[in-house]
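Visitor: Mind looking over this structure? Questions follow.
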Amino acid sequence: QAGKLIAAICAAPLILSDLDLLSEFRAVCYPADMDKLKAHIVSGNEKTVIDRNLITSAGAGTAVDFSLAIISSLLGRQVSDKLSRKIIYA
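Counted from 1, the sequence shown has number 60 at position 72 by our numbering; the numbering is strictly sequential.
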């Protein structure tokens, strides 16, 4: 299953961390829980982080960026850019 897309938002990255699935990835989660992630995988003040096949995001306020990152990963940047314009986000 290597290389399959993994996406987690808000506190969900903590589950991936507990399962030792983030050991070599940069990740972000809900800001109040960042201290619970292992120090070597935390990414500063970024709201959505894409690291190879892993997409993580901070929470509900970042859901559009998170969704567009997933769409870009699965369908390409052109599709996510077009959708972004259609929803008046870009």
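For every residue, glycine included, the Cβ atom is placed at its ideal position computed from N, Cα and C. The structure displayed is predicted, hence computed values, not measured ones.
1. Taking residue 18 as the reference, which of 26, 1, 58 has the closest Cα?
2. Going along the chain, which residues of its own chain have a beta-carbon closer than 7 Å to the beta-carbon of residue 38, five neighbours each way excluded?
3. At which residues does the alpha helix (DSSP H) containing residue 59 begin and terminate?
4. Please determine, among -10, -2, 71, the residue with the shortest C-alpha to C-alpha distance to residue 50.
5. Cα separation between residue 8 and residue -10?
Guide: Result, derived from the coordinates:
1. Position 30 of the sequence shown, counted from the first residue, corresponds to residue 18. Residue 18 has its Cα closest to that of 1, out of 26, 1, 58.
2. As a first step, residue 38 must be located in the sequence shown, where it is residue number 50. Once the five neighbours on either side are set aside, the close Cβ partners of residue 38 are 57.
3. Within the sequence shown, residue 59 is the residue found at index 71, counting from 1. From DSSP, the alpha helix (DSSP H) with residue 59 extends over 51 to 63.
4. For the purposes of this step, residue 50 is taken as residue 62 along the sequence shown, with counting starting at 1. It is -2 whose Cα lies nearest to the Cα of residue 50.
5. Along the sequence shown, one-based indexing puts residue 8 at 20. Along the sequence shown, one-based indexing puts residue -10 at 2. Residue 8 and residue -10 have their C-alpha atoms roughly 15 Å apart.
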